[in-house]
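A short write-up of the structure that comes next.
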Amino acid sequence: MPMRPLALFVSIAILAGCSACATGGKAPAPTNPFHTKGVRALAGGDRLAVQGCSQKAMESYFKAVEHFTLADDQDALAACFNNIGNVYLENGQAGEALVFYEQALWIYESREDTRSEVRVLTNMAAAHLMSRSSVLAESRLDQADSSALEVGFSWPQTQVVRANLMRETGNAQGALAALQALAQKKQSPGPAFDASLNVALGKSHLYLGRFDEAFSAFSNALKVDQERGALLRMAGDLREMGRCLALMEQPKDAAWHLQRALGIALLLGDETEQEVTETMLTDLPGEIGSTPVPDYFLERWAQGDSSTSPCD
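Sequence positions in the sequence shown follow mature numbering (1 follows the signal peptide of the UniProt record, and there is no 0) and run -22 to -1, 1 to 290.
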């Protein structure tokens, strides 16, 4: 999906962060009109980001940056920068994500907001892991754990990212054990965490060749993502369920899940998800991945012939 140039994002981020700091960055009164508009734009960006509407989410977040800059609300600016980083990370652009995470971290450190620091450090670790920089990922996780310990704070997502790091560095069994222990604690901060935990469990089971267990975990993630309307995540869950079924030599069921994933990706206009899922469908044996009615709609949507766009 095309996104606006990073250079523009960075210049706005730096101007927003530094010009406000000179005056201390005190939070404005709730009646500040720019603050009110910023809150509205930030909430809109969050809603669009959950749906997987990356470009529209970015537009809302940058409106929020402008309003919060005028309101001189540093905490809100940091939240915007963190969320912009999340959108980049969701789209596989770890380097760009880190630029904005760094800016958010700088503000939180300046304001001694340790809990928010922990969250951003965890996100930075995930970005480094995506970039295959396991040493940097571990360093950020250690920082997050140390900071959390100082203030008696627990952020479960840090443990999920550490487990992902363990899996990616060859210790899938240890990762699975850590994730299962975390799941038993039932200390969820919200649905997004529940989904990410189940995806991490699914990937660990998949790595270990436990396809039934992996399918179940991805199915649990799908249920959560369906409830919260996380469309792009739903496509990813369905794709991984299809992968499990293909590995279990159930090509018809695999095709059904992959077609569902592809339909969502097409309606979202997410080219990366579309290409990955289409390749998986093509790799299924014979004509098993081809069914007349779904194919009719998938072909229409691929040509841009749809009356519904979730991002409008």
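The C-beta atom is built at its ideal place from N, Cα and C for all residues, glycine as well. Because the structure is a prediction, the values reported are computed rather than measured.
How is the alpha helix (DSSP H) around residue i delimited, first residue to last?
i: P63; result: The amino acid at residue 63 is misidentified as Pro; the sequence shows Gly. Taken as a continuous stretch (DSSP letters only), the alpha helix (DSSP H) holding G63 covers 52 to 68.
i: F46; result: 32 to 49
i: G214; result: 209 to 225
i: T257; result: 249 to 260
i: N10; result: Looking at the DSSP string, N10 is not in any alpha helix (DSSP H), and its letter there is neither H nor E.
i: D123; result: 112 to 129
i: N176; result: 169 to 185
Relative to the C-alpha of residue i, which candidate in the options has its C-alpha closest?
i: E256; options: L26, S117, A213; result: A213
i: D231; options: N198, L259, A243, V202; result: L259
i: residue 353; options: A208, S38, R206; result: Given that the chain is displayed from residue -22 to residue 290, the structure contains no residue 353 and the question cannot be resolved.
i: E205; options: S287, Q165, D172, Q228; result: D172
i: Q81; options: P169, N69, S94; result: S94
i: V28; options: V65, L55, E116, L48; result: V65
i: A115; options: E128, G130, N142, A126; result: N142
i: D248; options: E74, R211, S132; result: R211
i: M102; options: L76, Q71, P288, L179; result: L76
i: N10; options: F40, I85, H45; result: H45
i: A159; options: V43, I85, L179, L127; result: L179
i: H235; options: T250, A104, R217, I242; result: R217
i: T100; options: N69, G70, G63; result: G63
i: F12; options: L119, K201, M36, A54; result: A54
Could you tell me the alpha carbon to alpha carbon distance between residue i and residue j, rounded to whole angstroms?
i: residue 294; j: A233; result: In the structure as shown, the chain begins at -22 and stops at 290. Residue 294 is therefore absent and cannot be evaluated.
i: D261; j: V96; result: 42 Å
i: F(-14); j: D24; result: Because the pLDDT at F(-14) is just 38, under 50, the model does not fix this residue reliably, and the point stays unresolved.
i: A192; j: L184; result: 5 Å
i: L83; j: G207; result: 29 Å
i: K164; j: L157; result: 11 Å
i: residue 331; j: F189; result: Because the chain in this structure spans residues -22 to 290, residue 331 falls outside the shown range and cannot be described.
i: A19; j: L244; result: 26 Å
i: G2; j: W133; result: At G2, the pLDDT of 41 sits below 50, so the modelled position is not reliable; the number obtained from the coordinates is stated separately. Roughly 28 Å separates the two Cα atoms.
i: V129; j: G16; result: 29 Å
i: L127; j: E253; result: 43 Å
i: S194; j: S32; result: 28 Å
Could you tell me how far apart the beta carbons of residue i and residue j are, in whole angstroms, since I believe they sit closer than 8 Å?
i: L175; j: V138; result: 6 Å
i: E146; j: S112; result: 7 Å
Evaluate the contact criterion for the region 82 to 93 versus the region 106 to 114: three or more CB pairs, one atom per stretch, below 8 Å.
-> no
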